[in-house]
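**Q** Letter 172 of the sequence shown, counting from 1, is numbered 197 in the working numbering, and no numbers are missing.
Positions of the beta carbon are idealized from the N, C-alpha and C atoms, including for glycine.
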Amino acid sequence: MKLLVNGCSVTRGDELTSDVLPESIEDKIYREKHVWGGQLAQKLNLSEYNNIAERGSSNKRILRTTIEYIATLSEVERSDLLVIIGWSQISRTEIYFQKKWRQVLPNFLTYFINHEFHAIEDFCQRYMMDDLPCHELFFTYVVSLQSFLKSNNINYFFLSFFPIDWTISTDFDHIINGIDHNTFLYHNSKRNIRKVIHTEAKQRGYDTELLVKPKQHPSELGHSLIAEVLYNELQIRNII
Numbered sequence: 026m027k028l029l030v031n032g033c034s035v036t037r038g039d040e041l042t043s044d045v046l047p048e049s050i051e052d053k054i055y056r057e058k059h060v061w062g063g064q065l066a067q068k069l070n071l072s073e074y075n076n077i078a079e080r081g082s083s084n085k086r087i088l089r090t091t092i093e094y095i096a097t098l099s100e101v102e103r104s105d106l107l108v109i110i111g112w113s114q115i116s117r118t119e120i121y122f123q124k125k126w127r128q129v130l131p132n133f134l135t136y137f138i139n140h141e142f143h144a145i146e147d148f149c150q151r152y153m154m155d156d157l158p159c160h161e162l163f164f165t166y167v168v169s170l171q172s173f174l175k176s177n178n179i180n181y182f183f184l185s186f187f188p189i190d191w192t193i194s195t196d197f198d199h200i201i202n203g204i205d206h207n208t209f210l211y212h213n214s215k216r217n218i219r220k221v222i223h224t225e226a227k228q229r230g231y232d233t234e235l236l237v238k239p240k241q242h243p244s245e246l247g248h249s250l251i252a253e254v255l256y257n258e259l260q261i262r263n264i265i
């Protein structure tokens with residue numbers, strides 16, 4: 026079995042190394058081994074592990090690039106694949122500008138590109154990041170990727186790295202009902218993955234401040250707990 030993971034900076038493993046760009050080969054190897062995806066691959070003793078997560082990634086990008094990646098695989102390769110998605114903050118989006126996909130994050134303007142792109146970002150932040158449509162788009166992305174993976178007979182599992190206080194509007198129950206909850210771990214604040222590892226750490230007597238780095242990405246301990254929770258859930262739910 027081969028593992029493909031996709032997501033944002035949490036799934037990429039930001040802050041596990043120096044984060045100096047361009048990234049050295051040594052840092053890349055270390056990061057991909059110690060991020061939760063790499064630790065899970067070791068627990069599963071998998072033959073191959075690919076991490077296509079990017080820092081600042083929107084869920085729109087996660088959907089697009091996961092489908093693009095799988096589209097390059099043969100039917101045999103797809104049959105031996107496990108896909109795990111770490112969904113990102115719902116208000117992020119992406120646009121195609123100057124022949125390149127670019128991520129647009131709330132309250133973060135990329136002045137280093139040019140003034141024209143800054144104007145586009147400003148428009149997105151003013152008019153395209155309202156809570157309700159962002160919720161609806163997010164659940165639409167989830168159902169879309171779920172349908173694509175099921176139609177290709179690919180094993181998959183979803184989890185989300187939302188803020189602990191994130192809650193779901195009941196306005197979208199009609200979409201949420203289309204989600205296979207056996208394959209989605211802690212999709213709301215009642216069982217948020219961040220809360221789960223926080224509780225796990227407390228029960229084991231760990232200092233919870235050691236779970237995160239200064240920019241709030243998981244530490245090696247945090248990634249280790251995420252991998253352990255995922256490993257157990259994949260077994261309980263008969264996904265592996």
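#1: Looking at the secondary structure, which residues open and close the beta strand (DSSP E) in which Thr118 lies?
#2: Assuming Leu130 and Arg151 make a contact with CB atoms under 8 Å, what is their CB distance in whole Å?
#3: Hey, out of Gly230, Leu28, Glu79, Ser176, whose CA is closest to Val35's CA?
#4: For a test of the three-state rule: what should DSSP assign to Arg89, helix, strand or coil?
#5: Would you give the residue range spanned by the alpha helix (DSSP H) that Arg103 belongs to?
#6: Taking the straight line between their C-alpha atoms, what separation do you get for Lys27 and Ile204?
#7: Could you check whether Ile264 and Leu65 sit closer than 9 Å to each other, using their CB atoms as the reference points?
#8: Need the endpoints of the beta strand (DSSP E) that Gln128 sits in, please.
#9: Our contact map puts Leu184 next to Gly111 with C-beta atoms below 8 Å; I'd like the distance itself, whole angstroms only.
#10: Applying the 10 Å Cβ sphere with the 16-neighbour rule, what's the burial state of Ala144?
#11: With distance defined between alpha-carbon atoms, name the residue in Ser82, Leu157, Phe209 nearest to Val168.
#12: With 16 as the cutoff for other CB atoms within 10 Å, does Lys275 come out buried or exposed?
#13: Taking C-beta to C-beta, are Leu170 and Leu259 nearer than 9 Å?
#14: Buried or exposed: where does Leu174 fall if 16 or more other Cβ atoms within 10 Å of its Cβ makes it buried?
#15: Would you report the Cα separation of Ser113 and Asp156, rounded to the nearest angstrom?
#16: Alpha carbon to alpha carbon, how far is Asn75 from Gly230?
#17: Straight-line CA distance for Glu141 to Tyr121?
#18: Taking only the alpha-carbon atoms, compute the straight-line gap between Ser214 and Val45 and give it to the nearest angstrom.
#19: Can you check DSSP and say which residues form a bridge with Ile110?
#20: State the start and end residues of the unbroken beta strand (DSSP E) segment that holds Glu79.
#21: With distances taken Cα to Cα, identify the nearest neighbour of Phe187 among Glu40, Tyr166, Asn202, Lys220.
#22: Do you know whose CA, among Arg262, Ala252, Thr233, Tyr166, lies nearest Asn207's CA?
#23: Report the residue from Cys149, Lys240, Ser172, Asn178 whose alpha carbon sits nearest the alpha carbon of Tyr100.
#24: What do you reckon, are the CB atoms on Glu93 and Lys238 nearer than 9 Å?
**A** The answer reads as follows:
#1: What you label residue 118 is simply residue 93 of the sequence shown in a count that begins at 1. Note, Thr118: beta strand (DSSP E), 118-121.
#2: In the sequence shown, counting from the first residue as 1, residue 130 sits at position 105. In the sequence shown, counting from the first residue as 1, residue 151 sits at position 126. That pair is no contact at about 14 Å.
#3: On the sequence shown, residue 35 is found 10 positions in, with the first residue counted as 1. Val35 has its Cα closest to that of Glu79, out of Gly230, Leu28, Glu79, Ser176.
#4: Your numbering for residue 89 matches position 64 in the sequence shown. Three-state DSSP puts Arg89 in a helix.
#5: Against the sequence shown, residue 103 aligns to sequence position 78. 100-104 is the span of the alpha helix (DSSP H), which, as asked, contains Arg103.
#6: Locating residue 27 in the sequence shown gives position 2, where the first residue counts as 1. Locating residue 204 in the sequence shown gives position 179, where the first residue counts as 1. One C-alpha to the other measures close to 24 Å.
#7: Position 40 of the sequence shown, counted from the start, is the residue given in the question as residue 65. Position 239 of the sequence shown, counted from the start, is the residue given in the question as residue 264. Not closer than 9 Å, so no.
#8: Sequence index remark: in the sequence shown, residue 128 carries index 103 (1-based). Where Gln128 is concerned, the enclosing beta strand (DSSP E) stretches over 126-129.
#9: Along the sequence shown, read from residue 1 onward, the residue named residue 184 stands at position 159. Along the sequence shown, read from residue 1 onward, the residue named residue 111 stands at position 86. Indeed, because the Cβ distance is near 6 Å, the residues count as touching under 8 Å.
#10: In the sequence shown, counting from the first residue as 1, residue 144 sits at position 119. Classification of Ala144: exposed, given that the 10 Å Cβ count is below 16.
#11: In the sequence shown, residue 168 corresponds to position 143, counting from 1. If we check each option's Cα against that of Val168, Phe209 comes out closest.
#12: As displayed, the chain neither begins before 26 nor continues past 265, which places residue 275 out of reach and without an answer.
#13: As a first step, residue 170 is located in the sequence shown; it is residue number 145 there, counting from the start. As a first step, residue 259 is located in the sequence shown; it is residue number 234 there, counting from the start. Cβ distance not < 9 Å, so Leu170 and Leu259 don't count as in contact.
#14: To locate residue 174, count along the sequence shown from 1; it is residue 149. Classification for Leu174: buried.
#15: For the purposes of this step, residue 113 is taken as the residue at position 88 of the sequence shown. For the purposes of this step, residue 156 is taken as the residue at position 131 of the sequence shown. Rounded to whole angstroms, Ser113 to Asp156 spans 14 Å at the Cα level.
#16: Here residue 75 refers to the residue found at position 50 when the sequence shown is read from its first residue. Here residue 230 refers to the residue found at position 205 when the sequence shown is read from its first residue. Asn75 and Gly230: Cα-Cα distance of roughly 33 Å.
#17: To locate residue 141, count along the sequence shown from 1; it is residue 116. To locate residue 121, count along the sequence shown from 1; it is residue 96. The straight-line gap from Cα to Cα measures roughly 13 Å.
#18: Position 189 of the sequence shown, counted from the first residue, corresponds to residue 214. Position 20 of the sequence shown, counted from the first residue, corresponds to residue 45. Here the model assigns Ser214 a pLDDT of 45, short of 50, so the residue's position is not dependable, and the following value carries that caveat. Straight-line Cα distance between these residues: approximately 33 Å.
#19: Within the sequence shown, numbered from 1, the residue matching residue 110 stands at position 85. Bridge partners of Ile110: Asn31, Phe183.
#20: The count along the sequence shown starts at 1 and reaches residue 79 at position 54. It is not in any beta strand (DSSP E) - Glu79 carries neither H nor E in the DSSP assignment.
#21: Mapped onto the sequence shown, residue 187 falls at position 162. For Phe187, the nearest C-alpha among the options comes from Lys220.
#22: Within the sequence shown, residue 207 is the residue found at index 182, counting from 1. With distances taken between Cα atoms, Asn207 lies closest to Arg262.
#23: Along the sequence shown, one-based indexing puts residue 100 at 75. Strictly speaking, residue 100 in this sequence is Glu, with Tyr absent from that position. Cα-wise, what sits closest to Glu100 is Asn178.
#24: As a position in the sequence shown, residue 93 is number 68, starting the count at 1. As a position in the sequence shown, residue 238 is number 213, starting the count at 1. Not a contact, by the Cβ cut-off of 9 Å.
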